[in-house]
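Working notes, structure below.
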Amino acid sequence: MSNLPQRFYQREVTLVARDLLGMQLVRQVGDQRVSGIIVETEAYRGEEDLACHARHGKTRRTEVMYGEAGRAYIYFTYGMHWLLNVVTGEVGFPAAVLLRAIIPLQGTEIISANRTGRPEKEWCNGPAKICQALQISGAMNGIDLTTNSAGLWIEEAPPVPDSRVVTGTRIGIGTVPEPWKSIPWRFNAILKESE
DNA sequence: CGCCCGATGTGCT
DNA sequence: GCACATCGGGCGT
304 MSNLPQRFYQ REVTLVARDL LGMQLVRQVG DQRVSGIIVE TEAYRGEEDL
354 ACHARHGKTR RTEVMYGEAG RAYIYFTYGM HWLLNVVTGE VGFPAAVLLR
404 AIIPLQGTEI ISANRTGRPE KEWCNGPAKI CQALQISGAM NGIDLTTNSA
454 GLWIEEAPPV PDSRVVTGTR IGIGTVPEPW KSIPWRFNAI LKESE
């Protein structure tokens, strides 16, 4: 399958978040493919969105979000977790999609080893779990996801029909004021009986 | 299964 | 100082 082109990411962040469902996140570990199907995303949109890290303007931490669409915005939080986002839209406008969950597809032995002792359902059902399972950290912040050169990219795969997409409010933003707290910018693909 | 809470470091009010 | 786009252990139901 071919990589999603930059054009895919150069759109409104909510559209990109919706359309990333079903696509395949691929990490190259040595010569092994470690991958999964994206099933949950969230959109973070501009300085006015008070849940978005760019709410305080451009800083060293958030500058990747202001750059080229299709780059990885990876940040550290809660003292121990890395989270992976995809930059979208026009250069100069900060917006990104948080990848919250994938269904493991390839390299599951590596994923299992990275998620020691945990049941398969808990391998990649959270944004920090994805990074742990696929060995993604801040060293990859800013890399280009439209090429394979940095060992992390997203490939085109069968899209998820509207009938199997559910939206909801974004997770973990409890102290953010309205309307941002309740805006339905979380996208969830309902596949099989899992999440 | 759900709720509660501690871990742990960085960025910014 | 404090809030944080989280996770997992512990314990009650």
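What the first sequence shows, in my numbering, is residues 304 to 498, in sequence order.
A virtual CB, placed ideally from N, CA and C, is assigned to each residue, including glycine.
Take residue i as the anchor and find which of the options has the nearest alpha-carbon.
{"i": "residue 318", "options": "487, 456, 383, 428", "result": "487"}
{"i": "residue 325", "options": "460, 480, 482, 473", "result": "460"}
{"i": "residue 396", "options": "364, 424, 348, 438", "result": "348"}
{"i": "residue 356", "options": "436, 399, 429, 440", "result": "399"}
{"i": "residue 423", "options": "439, 370, 406, 434", "result": "406"}
{"i": "residue 304", "options": "451, 350, 469", "result": "451"}
{"i": "residue 464", "options": "309, 310, 323", "result": "323"}
{"i": "residue 379", "options": "444, 309, 462, 358", "result": "444"}
{"i": "residue 468", "options": "479, 494, 310", "result": "494"}
Using a threshold of 9 Å, state whether the C-beta atoms of residue i and residue j are closer than that.
{"i": "residue 320", "j": "residue 346", "result": "yes"}
{"i": "residue 333", "j": "residue 414", "result": "no"}
{"i": "residue 389", "j": "residue 312", "result": "yes"}
{"i": "residue 492", "j": "residue 343", "result": "yes"}
{"i": "residue 457", "j": "residue 329", "result": "yes"}
{"i": "residue 387", "j": "residue 401", "result": "yes"}
{"i": "residue 404", "j": "residue 341", "result": "yes"}
{"i": "residue 474", "j": "residue 483", "result": "no"}
{"i": "residue 365", "j": "residue 376", "result": "yes"}
{"i": "residue 418", "j": "residue 425", "result": "yes"}
{"i": "residue 434", "j": "residue 385", "result": "yes"}
{"i": "residue 436", "j": "residue 337", "result": "yes"}
{"i": "residue 449", "j": "residue 353", "result": "no"}
{"i": "residue 490", "j": "residue 472", "result": "no"}
{"i": "residue 314", "j": "residue 392", "result": "yes"}
{"i": "residue 331", "j": "residue 454", "result": "yes"}
{"i": "residue 370", "j": "residue 394", "result": "yes"}
{"i": "residue 410", "j": "residue 309", "result": "no"}
For a test of the three-state rule: what should DSSP assign to residue i, helix, strand or coil?
{"i": "residue 447", "result": "strand"}
{"i": "residue 316", "result": "helix"}
{"i": "residue 430", "result": "helix"}
{"i": "residue 471", "result": "strand"}
{"i": "residue 293", "result": "Nothing about residue 293 can be read from this structure; the chain reaches only from 304 to 498."}
{"i": "residue 436", "result": "helix"}
{"i": "residue 324", "result": "coil"}
With respect to the beta strand (DSSP E) encompassing residue i, which residues constitute its N-terminal and C-terminal limits?
{"i": "residue 378", "result": "375 to 380"}
{"i": "residue 494", "result": "No beta strand (DSSP E) contains residue 494, which DSSP labels as neither H nor E."}
{"i": "residue 483", "result": "That residue, residue 483, is in no beta strand (DSSP E); it is neither H nor E in DSSP."}
{"i": "residue 457", "result": "455 to 458"}
_Contiguous beta strand (DSSP E) assignments of at least 3 residues, all confined to the region 329 to 372_ = 335 to 348
*Report the residue ranges of all beta strand (DSSP E) runs contained in full by the region 391 to 422; include only those spanning at least 3 residues, in chain order.*
398 to 409
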